[in-house]
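Student: Here it is: the structure, laid out below.
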Amino acid sequence: MLPAKTPTPPARLFLSRPPCPSSHSLSSLLFSDLLLRRPCSPAPATLSLHRSNYCLVSLLPIPVKLASRTTCFAKPTAEDQLSDSETRGSDEVDYEKVENQNGRISQNSDNGAARGSASSASDLLSRGIPKPVYQVVEVKSDGMVSTKEIDRRQLLKSSGLRPRDIRSVDPSLWLTNSMPSLLVREQCILLNLGSLRAIVMQDRVLIFNYNRRGGKAFIDSLLPRLSPENSNGGPSMPFVLEVVEAALLSRIQRLEQRMMELEPRVQSLLEVLPNRLTGDVLEQLRISKQTLVELGSRADALRQMLLDLLEDTQEIRRICIMGRNCTLNRLTNALECSVPLDKEIAEEEEQEIEMLLENYLQRCESLHGQAERLLDSAKEMEDSIAVNLSSRRLEVSKVELLLQVGTFCVAIGALVAVCILVHNSWNLGWYSDGIFSDVFISQEKENIVASLHIKLKEMVHFS
Numbered sequence: 001m002l003p004a005k006t007p008t009p010p011a012r013l014f015l016s017r018p019p020c021p022s023s024h025s026l027s028s029l030l031f032s033d034l035l036l037r038r039p040c041s042p043a044p045a046t047l048s049l050h051r052s053n054y055c056l057v058s059l060l061p062i063p064v065k066l067a068s069r070t071t072c073f074a075k076p077t078a079e080d081q082l083s084d085s086e087t088r089g090s091d092e093v094d095y096e097k098v099e100n101q102n103g104r105i106s107q108n109s110d111n112g113a114a115r116g117s118a119s120s121a122s123d124l125l126s127r128g129i130p131k132p133v134y135q136v137v138e139v140k141s142d143g144m145v146s147t148k149e150i151d152r153r154q155l156l157k158s159s160g161l162r163p164r165d166i167r168s169v170d171p172s173l174w175l176t177n178s179m180p181s182l183l184v185r186e187q188c189i190l191l192n193l194g195s196l197r198a199i200v201m202q203d204r205v206l207i208f209n210y211n212r213r214g215g216k217a218f219i220d221s222l223l224p225r226l227s228p229e230n231s232n233g234g235p236s237m238p239f240v241l242e243v244v245e246a247a248l249l250s251r252i253q254r255l256e257q258r259m260m261e262l263e264p265r266v267q268s269l270l271e272v273l274p275n276r277l278t279g280d281v282l283e284q285l286r287i288s289k290q291t292l293v294e295l296g297s298r299a300d301a302l303r304q305m306l307l308d309l310l311e312d313t314q315e316i317r318r319i320c321i322m323g324r325n326c327t328l329n330r331l332t333n334a335l336e337c338s339v340p341l342d343k344e345i346a347e348e349e350e351q352e353i354e355m356l357l358e359n360y361l362q363r364c365e366s367l368h369g370q371a372e373r374l375l376d377s378a379k380e381m382e383d384s385i386a387v388n389l390s391s392r393r394l395e396v397s398k399v400e401l402l403l404q405v406g407t408f409c410v411a412i413g414a415l416v417a418v419c420i421l422v423h424n425s426w427n428l429g430w431y432s433d434g435i436f437s438d439v440f441i442s443q444e445k446e447n448i449v450a451s452l453h454i455k456l457k458e459m460v461h462f463s
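In case it helps, full-length UniProt numbering puts the sequence shown at residues 1 to 463.
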């Protein structure tokens, strides 16, 4: 008797995947799949069956439906080689070989990306994009003046500045950086006083926009200070302080000169206006008022800058230690110098700078106050002119009202006259019709009486 055959269980498919690769191999697989991609080609659907030494996703049997799909590969990767080897019936896969191949693929792709970036950089350089070049006037501490061109990189290297520091003195950004400023850095000072923009270093100063009025006034004020004839044998101030004082002096003198030119004009207009209200005089007053507003705002901005600088003692001390072997303690804000003499000189310069800034602050305040007074006088004159014009407008309105009342009265009289005339013409027509009818009746009566009289005469004659 043959032994009973035990039924063989149906083959079950387990969804599994190969051992988890390292981060390097995973990144190489993904990078190679993204970079090395060719047109899509249909690939037969394969299912990988692994032994127990592989990483199983699930231990439960999962039915898998085979369906054809379309995949895109440029080169056979680790998964392709794994599936091909298993479909050929191989039981073991050399993962080291697969990882080496994927490493070579990622290395080739990295080299290709590097070559692409280098070529793109060379393309940008070959396009001939112009570098920012500034035309400046260089004034050295000995009074030598020269005009030169300097690019942005060279300027940053020579002055020790950062790119964002150049924005405050960049002439191409004068619309966005119109407020006056004085920025202190480790090796230089950045000056922005309207049309005057300069970088002050220890032994030289670079002036931007030297052809404008502010740059010319600054150069004219700085050069006499640097000449040895004006030293009078006394100790001269440091070059940095000379430049800062010349810049502030030229700026305030320009504002004061404009005020001196504007004040007599405004005073004459204020004297003429109450008795002479013409379009030309009012237009001159409007222009003068606008100039006063602009002048007052500039003086106020400069005053605020000086006030902020005086309140910040750290900035003043940074100006004093520029060019010296001194440091500023960030905690105590005290000067620390290797040579005691440098510390004494720095403290004296600090007092001089404070006195200098206070002097120009007072001049700015007086200038701003004078502009405000003239502006208030102009506003009061405008108010009086407005009241005067309102009174004249009221008189004109009264005359217009009287004319309208007179016109209304004349219109009412004309209407009454027309009504009376129409009524009289109607009565005259009725009376004339009655007269003509009476005359006609009387004539008929007379004719009848005459005919009767004639008939009576004839009857008497025949009888």
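Glycine included, C-beta positions come from ideal geometry on N, C-alpha and C.
Determine the direct distance from the alpha carbon of GLU229 to that of GLN351, and round the result to whole angstroms.
Tutor: Numbered from its first residue, the sequence shown carries residue 351 at position 351. Numbered from its first residue, the sequence shown carries residue 229 at position 229. Each residue's Cα considered, the two are about 26 Å apart.
Student: By the three-class DSSP mapping on this structure, what secondary structure does ASP151 have?
Tutor: The sequence position of residue 151 within the sequence shown is 151, counting from 1. ASP151 falls in the strand class under three-state DSSP.
Student: Consult DSSP for residue 483 and reduce its assignment to one of helix, strand or coil.
Tutor: Residue 483 cannot be examined here, being either before or after the span of the chain that is shown, 1 to 463.
Student: Would you kindly work out how many angstroms separate the C-alpha atoms of LEU182 and LEU191, rounded to a whole number?
Tutor: Indexing the sequence shown from 1 puts residue 182 at position 182. Indexing the sequence shown from 1 puts residue 191 at position 191. When rounded, the distance between both Cα atoms is 5 Å.
Student: What number of angstroms, rounded off, separates the C-alpha of GLN362 from the C-alpha of VAL399?
Tutor: Working through the sequence shown from its first residue, we reach residue 362 at position 362. Working through the sequence shown from its first residue, we reach residue 399 at position 399. So the alpha carbons of these two residues sit roughly 55 Å apart.
Student: Buried or exposed for VAL200, going by 16 or more other Cβ atoms inside 10 Å?
Tutor: For this step, residue 200 is matched to residue 200 along the sequence shown. Result: buried.
Student: Sort out for me which residues DSSP pairs THR327 with in a bridge.
Tutor: Sequence index remark: in the sequence shown, residue 327 carries index 327 (1-based). In the DSSP output, where bridge partners are listed per residue, THR327 has GLU336.
Student: Got a sec? Which residues, its chain only, sit under 7 Å from ALA371 by beta carbon, not counting five neighbours each side?
Tutor: The count along the sequence shown starts at 1 and reaches residue 371 at position 371. So the list reads MET259, LEU292, LEU295, GLY296 and ALA299, once near-sequence residues are dropped.
Student: For SER146, name the three-state secondary structure that DSSP assigns.
Tutor: As a position in the sequence shown, residue 146 is number 146, starting the count at 1. If DSSP states are grouped into helix, strand and coil, SER146 belongs with the strands.
Student: Can you find at least 3 beta carbon pairs, one from the segment 399-418 and one from the segment 276-291, that sit closer than 8 Å?
Tutor: no
Student: What span of residues does the beta strand (DSSP E) with VAL281 cover, start to end?
Tutor: Locating residue 281 in the sequence shown gives position 281, counting from the first residue. Careful: VAL281 lies outside any beta strand (DSSP E), inside the alpha helix (DSSP H) at 279-311.
Student: Going by beta carbon distance, what residues of the same chain come within less than 8 Å of SER451, once the five residues before and after it are set aside?
Tutor: On the sequence shown, residue 451 is found 451 positions in, with the first residue counted as 1. Excluding positions up to five away in sequence, the list is empty.
Student: Give the single residue among ILE316, GLU261 and SER390 whose Cα lies nearest to the Cα of MET355.
Tutor: Residue 355 sits at position 355 when you count from the first residue of the sequence shown. Nearest of ILE316, GLU261 and SER390 to MET355, Cα basis: ILE316.
Student: Note down, in chain order, each residue of its chain lying with its Cβ closer than 8 Å to the Cβ of GLU203, except the 5 sequence neighbours on either side.
Tutor: Translated into positions along the sequence shown, residue 203 becomes position 203. Reading off the sequence, residue 203 comes out as Asp, not Glu. Here the set comprises LYS140, SER141 and PHE239.
Student: Could you tell me the distance, in whole angstroms, from the CA atom of THR327 to the CA atom of LEU310?
Tutor: Taking the sequence shown and counting its residues from 1, the one referred to as residue 327 is at position 327. Taking the sequence shown and counting its residues from 1, the one referred to as residue 310 is at position 310. Near 20 Å, if we compare the C-alpha coordinates of LEU310 and THR327.
Student: Is LEU361 helix, strand or coil by DSSP?
Tutor: One-based indexing of the sequence shown puts residue 361 at position 361. Here LEU361 sits in helix by DSSP.
Student: What's the gap between the Cα of ASP280 and the Cα of GLN267?
Tutor: For the purposes of this step, residue 280 is identified with residue 280 of the sequence shown, where counting begins at 1. For the purposes of this step, residue 267 is identified with residue 267 of the sequence shown, where counting begins at 1. Approximately 16 Å between the Cα atoms of the pair.
Student: Hey, could you find the ends of the alpha helix (DSSP H) LEU249 is sitting in?
Tutor: Within the sequence shown, numbered from 1, the residue matching residue 249 stands at position 249. Its alpha helix (DSSP H) spans residues 239-272.
Student: Answer yes or no: do LEU269 and LEU285 have a C-beta to C-beta separation smaller than 8 Å?
Tutor: Against the sequence shown, residue 269 aligns to sequence position 269. Against the sequence shown, residue 285 aligns to sequence position 285. Judged by their CB atoms, LEU269 and LEU285 are nearer to each other than the 8 Å cut-off.
Student: Quick check: the Cα distance between LEU306 and LEU249, rounded to an integer number of angstroms?
Tutor: Stepping through the sequence shown from its first residue, residue 306 is reached at position 306. Stepping through the sequence shown from its first residue, residue 249 is reached at position 249. Each residue's alpha carbon lies about 13 Å from the other.
Student: Find the nearest neighbour of ASP308 within the set GLY160, MET144, PRO180 and SER158, judged by alpha-carbon distance.
Tutor: In the sequence shown, residue 308 corresponds to position 308, counting from 1. Per the Cα distances, PRO180.
Student: Going straight from the alpha carbon of MET322 to that of LEU155, what length do you get?
Tutor: Sequence index remark: in the sequence shown, residue 322 carries index 322 (1-based). Sequence index remark: in the sequence shown, residue 155 carries index 155 (1-based). Those two C-alpha atoms are separated by around 19 Å.
Student: Round the Cβ separation of ASP342 and ASN325 to the nearest angstrom and send it over; I've been treating them as touching at under 8 Å.
Tutor: By one-based count along the sequence shown, residue 342 stands at place 342. By one-based count along the sequence shown, residue 325 stands at place 325. About 6 Å; that satisfies the 8 Å criterion.
Student: Can you give me the start and stop residues for the alpha helix (DSSP H) that ILE321 sits inside?
Tutor: Locating residue 321 in the sequence shown gives position 321, counting from the first residue. Run containing ILE321: none; DSSP gives neither H nor E here.
Student: Using DSSP with H/G/I as helix, E/B as strand and the rest coil, what is VAL410?
Tutor: Numbered from its first residue, the sequence shown carries residue 410 at position 410. Note: VAL410 maps to helix in three-state DSSP.
Student: Determine the direct distance from the alpha carbon of VAL145 to that of LEU282, and round the result to whole angstroms.
Tutor: Taking the sequence shown and counting its residues from 1, one reaches residue 282 at position 282. Taking the sequence shown and counting its residues from 1, one reaches residue 145 at position 145. Straight-line Cα distance between these residues: approximately 47 Å.
Student: Do the CB positions of ALA246 and PHE218 come within less than 8 Å of each other?
Tutor: Stepping through the sequence shown from its first residue, residue 246 is reached at position 246. Stepping through the sequence shown from its first residue, residue 218 is reached at position 218. By the CB criterion at 8 Å, ALA246 and PHE218 fall inside the cutoff.
Student: Can you list, in chain order, the residues of its chain with a C-beta nearer than 7 Å to that of LEU255? Leave out the 5 residues immediately preceding and following it.
Tutor: Within the sequence shown, numbered from 1, the residue matching residue 255 stands at position 255. Cβ within range, chain order: LEU295, ARG298, ALA299 and LEU367.
Student: Tell me which residues share the same chain as GLU365 and place their Cβ nearer than 7 Å to its Cβ, disregarding the 5 neighbours each side in the sequence.
Tutor: Numbered from its first residue, the sequence shown carries residue 365 at position 365. Here the set comprises ARG303.
Student: Among all the DSSP beta bridges, which residues are the ones paired with ASN192?
Tutor: On the sequence shown, position 192 is the one that residue 192 refers to. Paired residues: SER181 and ARG197.
Student: Kindly indicate the opening and closing residues of the alpha helix (DSSP H) around ARG213.
Tutor: Start at 1 with the first residue of the sequence shown, and residue 213 comes out as number 213. Taken as a continuous stretch (DSSP letters only), the alpha helix (DSSP H) holding ARG213 covers 213-226.
Student: Around the C-beta of ILE353, are 16 or more other C-beta atoms found within 10 angstroms, so that it is buried, or is it exposed?
Tutor: Here residue 353 corresponds to residue number 353 of the sequence shown, with the count starting at 1. When all chains shown are included, ILE353 counts as buried.
Student: Within the same chain, show all residues whose beta-carbon is closer than 6 Å to that of TYR210, passing over the 5 residues directly before and after it, in chain order.
Tutor: In the sequence shown, residue 210 corresponds to position 210, counting from 1. Within the same chain, and ignoring the five residues on either side of TYR210 in sequence, the residues whose Cβ sits closer than 6 Å to its Cβ are VAL137.
Student: Quick one: grab the DSSP three-state call for VAL205.
Tutor: As a first step, residue 205 must be located in the sequence shown, where it is residue number 205. Looking at VAL205 - three-state DSSP - the assignment turns out to be strand.
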